[in-house]
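**Student:** In numbering that gives the first Met the number 0, the protein residues as written are 0 to 643.
Sharing a structure here in structure tokens format.
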Amino acid sequence: MTGADPEDCCRGAHTASQQGEFTQATVWDACRDGIQEAIETQLDDEQAPPVIIDGLPTIGKTRHATETAFDLDVPAAILTHRYETRDVHLNLAAEHQKAVVEVPTLDRDCPTRRGDHGSGWAERINDYRSRGASPTYLHYYLQDVLPCMQDGDCPYLARWDAVEAADVIVGGPAHTALDRVVDDRVVIFDEDPGTAYRTEFDANQLSTAISTFLSKNDDLPIDNHFGLIGAATNEGMEAIRDAIRDELSDNTSIARPTKAVDDDDGHAEAPTAVLTMLELGGPIIGDTAPTEYDWDDQLREEAGLDYVELPDGSQVVYDHAESRVVIRRPPTLDAARAVVGLDGTPVEELWRGRLGVDEIVSWRVLCDDCRARYLRDVIGYEFVQTTSYVKPYSSGEYVNRRGDFGVIEAVANRHDTTPGVITTKSAAERLFEEPPSEPFIDIERVTDRIADVKHYGALRSSNDFTGTEVGVVLGSPHPGDRPLQITAALEGYTAVRGDEGKGTDLDYGIPERPFLRHYREHKIAQAVLRFGRTTAATVYIHTGVLPEWLSEMVTVGPEAVTIEERSEGQRGVIRALLDEGPGTAAEIANREGVSIGEKQTRDWLKRLRSEGYVSRDDSQPYTWGANGLADAPHTAHVRLPELE
């Protein structure tokens with residue numbers, strides 16, 4: 000909805016012009032109207048493509064999705080990963096008169112999986128699930144022995160009748176594999192389905208699953224992984240290849256859960272892996288590929304990956320470097336009445352591939368200018384960027400404990416509060432769990448100043464920091480080249496890191512850098528907007544990579560921030576003053592743990608005095624004492640800008 004008139008720059012501005020003011024209420028109305036229009040467009044035109052509502056995490060997408068679902072004259076399904084978000088939808092539904100039912104899950108509805116019949120049974124169910132067996136299949140296949148099936152149907156099965164009859168159902172993305180969840184319903188994805196439709200085998204799992212399947216299947220002419228590779232690469236074994244194809248392609252889906260239940264090393268997707276290896280056997284072995292196979296030479300030669308789409312629609316990437324197979328089996332949404340995705344930071348390429356649709360369109364609720372207006376002027380966000388460095392923290396290898404602790408303590412002091420902290424999982428472990436490799440670094444001192452720590456991977460749709468007025472985002476996420484390249488390959492792209500580009504200039508040769516943005520900049524934006532949400536918040540962003548639209552909203556940049564890390568000797572002096580009290584420079588320099596001489600100690604005490612943390616008397620020689628030193632950032636001196 001873009002036009003020449005400034006009022007038509009986006010849906011939010013248009014709604015505001017109609018209502019006479021640009022407020023939180025008008026932006027929320029624009030989001031609700033967008034969801035409703037996206038659904039109505041598809042209900043009126045069966046050829047209309049699915050729609051993504053591109054709306055910031057703060058504009059009430061979850062509430063509007065529930066309200067819209069209950070206003071429809073047709074059944075609806077709301078699908079989201081997190082149980083927490085499902086509960087929000089269910090609680091909101093209580094305000095309406097129509098029936099709402101949560102799609103049953105093993106975690107919540109199966110006593111065996113919950114451990115009511117002992118940990119052994121719970122672990123057994125978990126093992127079957129990890130090998131691809133569906134919950135419904137498990138209950139019927141094992142009904143004679145499952146404890147939860149001995150006095151009638153398990154509650155997991157009993158709930159399904161209510162699901163099929165309900166006006167609105169709430170479940171997870173994986174439930175789209177079931178026709179009774181999506182057929183003849185409006186399907187609303189609250190955030191993108193992510194990896195819900197992916198299965199991965201590492202080298203050992205791949206070989207074991209394939210060999211187990213082949214050895215147990217008497218209808219196939221080979222019985223192990225090596226025999227399969229031989230058949231795939233030997234031009235004289237065409238009859239064997241055809242026999243395998245015929246046997247494995249005789250079902251709508253190649254996956255066969257029986258094999259996962261019957262065999263200790265079996266997997267439901269083993270047949271899919273077999274057919275994949277058959278089709279890609281040539282390039283996997285090397286240069287002896289039969290001429291009838293076709294693959295993307297650029298993808299294989301430049302990225303070391305192969306891609307194939309199998310007869311049942313599953314898509315597979317083979318990783319030469321790690322002998323890993325990634326299988327994606329997108330849902331079939333043809334029978335859905337409409338499909339709408341809600342996403343604060345959408346990438347159309349990912350949505351299209353994950354949902355298995357040829358076309359998808361994105362509707363933005365707010366343009367970049369209106370995003371800034373909404374976040375800064377309406378909600379009251381202030382963003383402080385404390386560094387220009389990327390600070391790649393996914394591995395934890397480059398975590399800077401001194402600088403990071405200094406920033407956290409300085410923020411806590413400035414705002415006289417305990418901020419929330421978001422970083423990568425590895426960085427959180429490195430910072431707050433591993434013993435420091437340097438002396439006089441006090442982890443507990445820092446954790447006492449923090450309200451809570453979350454990591455990027457657990458944030459999407461999370462409300463844990465709602466209302467938190469001050470937050471710190473430490474470092475940037477990046478999964479590494481291989482996961483990004485595999486994700487790109489599934490969408491038909493060859494991603495190769497440029498020879499010179501790194502940090503903020505990192506480039507994989509794909510216009511607009513959609514996959515890098517998804518893994519890095521978008522996750523940072525999601526993290527930043529976890530704080531406050533509907534109330535004002537000040538967020539300190541300790542990384543140099545932000546989405547362009549967010550970087551333009553930064554109130555104060557890194558040029559106004561100084562971070563001077565304290566050396567071991569300096570930290571030793573601080574510790575000596577706190578533990579043993581006042582003293583002259585000579586006395587302090589001679590205390591245990593102080594590794595610098597008297598002159599350096601005196602110079603450092605002068606510096607601490609200028610920072611306002613140390614006092615001295617008028618005696619000769621001076622006696623130095625702590626003066627607020629207990630509250631000073633002990634690993635770095637950090638100067639933060641004054642905010643209005």
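Beta carbons are placed, not taken as given, at the ideal position from N, Cα and C, and that holds for glycine.
Values in this document were obtained by computation on a predicted structure and should not be read as measured data.
Could you give the C-beta distance for Y397 and K390, rounded to a whole number, given that I count them as a contact under 8 Å?
**Tutor:** 7 Å
**Student:** If you drop the 5 nearest sequence neighbours on each side, which residues of the same chain put their C-beta closer than 6 Å to that of Y196?
**Tutor:** R327, R328 and P329.
**Student:** May I ask you to list the residues that DSSP assigns as paired with R323?
**Tutor:** D318
**Student:** List the endpoints of the continuous beta strand (DSSP E) containing G340.
**Tutor:** That run of the beta strand (DSSP E) goes A337 to D342.
**Student:** In the structure shown, what three-state DSSP assignment does W623 receive?
**Tutor:** strand
**Student:** If we call anything under 8 Å between Cβ atoms a contact, is A267 one with A176?
**Tutor:** no
**Student:** Counting only the same chain and skipping the five closest in sequence on each side, list residues whose C-beta sits under 6 Å from that of S322.
**Tutor:** A202
**Student:** G171 and T79 - do their beta-carbons sit closer together than 8 Å?
**Tutor:** yes
**Student:** By DSSP, does E381 sit in helix, in strand, or in coil?
**Tutor:** strand
**Student:** With distances taken Cα to Cα, identify the nearest neighbour of K605 among A625, Q23 and P192.
**Tutor:** A625
**Student:** Using beta-carbon positions only, say whether E520 and V544 come within less than 8 Å of one another.
**Tutor:** Cβ atoms of E520 and V544: closer than 8 Å.
**Student:** Where does A487 fall in DSSP's three states?
**Tutor:** helix
**Student:** If we call anything under 8 Å between Cβ atoms a contact, is V471 one with P418?
**Tutor:** yes
**Student:** Counting beta carbon pairs with one atom in the stretch 183-193 and one in the stretch 117-129, are three or more of them shorter than 8 Å?
**Tutor:** Not touching, per the Cβ criterion.
**Student:** For I168, I'd like the list of residues in its chain whose CB is within less than 6 Å of its CB, leaving aside the five on either flank, ordered along the chain.
**Tutor:** A76, V100, V102 and V162
**Student:** Given a cut-off of 8 Å on the beta-carbon distance, is the pair L274 and R244 in contact?
**Tutor:** yes
**Student:** Taking the beta carbon of L642 as the centre, do at least 16 other beta carbons fall within 10 Å, making it buried, or is it exposed?
**Tutor:** exposed
**Student:** Distance, Cα to Cα, D264 vs H517?
**Tutor:** 35 Å
**Student:** How many angstroms separate the CA atom of D191 from the CA atom of G229?
**Tutor:** 40 Å
**Student:** In angstroms, rounded to a whole number, what distance separates the CA positions of E490 and V325?
**Tutor:** Computed Cα separation, rounded: 13 Å.
**Student:** Compute the Euclidean distance between the alpha carbons of H95 and H174, then round it to the nearest angstrom.
**Tutor:** Taking the CA atoms as reference points, H95 sits about 24 Å from H174.
**Student:** Tell me which same chain residues have a C-beta within less than 7 Å of the C-beta of H138, skipping the five on either side of it?
**Tutor:** L145, M148, C153, Y155 and L156
**Student:** On the CB-based measure, 16 or more other CB atoms within 10 Å of its CB, does T561 come out buried or exposed?
**Tutor:** exposed
**Student:** Starting from T135 and walking both ways along the alpha helix (DSSP H), at which residues does that stretch end?
**Tutor:** P134 to Y140
**Student:** What separation, rounded to the nearest whole angstrom, lies between the Cα atoms of R31 and A536?
**Tutor:** 24 Å
**Student:** Below 8 Å between beta carbons: does that hold for A64 and D189?
**Tutor:** In this structure, A64 lies near D189, with their beta-carbon atoms less than 8 Å apart.
**Student:** Can you look up D451 in the DSSP assignment and give me helix, strand or coil?
**Tutor:** Shown here, D451 sits in a strand according to DSSP, grouped into three states.
**Student:** Please report the Cβ distance between I378 and G497, rounded to the nearest whole angstrom; I am assuming they are in contact, meaning their Cβ atoms lie under 8 Å.
**Tutor:** Going by Cβ atoms, the distance from I378 to G497 rounds to 37 Å, so no, they are not a contact pair.
**Student:** Can you say whether V73 is buried or exposed, counting buried as having 16 or more other CB atoms within 10 angstroms of its CB?
**Tutor:** Counting Cβ neighbours within 10 Å, V73 comes out exposed, since fewer than 16 surround it.
**Student:** Could you give the DSSP three-state label for P499: helix, strand or coil?
**Tutor:** Pro is not the amino acid found at residue 499; the sequence shown has Glu there. DSSP places E499 in coil when its eight states are reduced to three.
**Student:** Can you list the alpha helix (DSSP H) stretches of 4 or more residues lying completely in the stretch 531-583, in chain order?
**Tutor:** 547-550 and 567-579
**Student:** For H414, which residues from the same chain have a beta carbon less than 6 Å from its beta carbon, with the 5 sequence-adjacent residues on both sides left out?
**Tutor:** V469
**Student:** So A635 packs on E564, CB below 8 Å; how close in whole Å?
**Tutor:** 5 Å
**Student:** Could you give the distance in angstroms between the alpha-carbon of Y127 and the alpha-carbon of G193?
**Tutor:** 22 Å
**Student:** Could you pull out every residue in the same chain whose Cβ sits closer than 7 Å to the Cβ of E702, ignoring the five residues on either side in sequence?
**Tutor:** Limits of the chain in this structure are 0 at one end and 643 at the other, which puts residue 702 out of reach.
**Student:** Tell me which same chain residues have a C-beta within less than 6 Å of the C-beta of I421, skipping the five on either side of it?
**Tutor:** K453, V472 and A526
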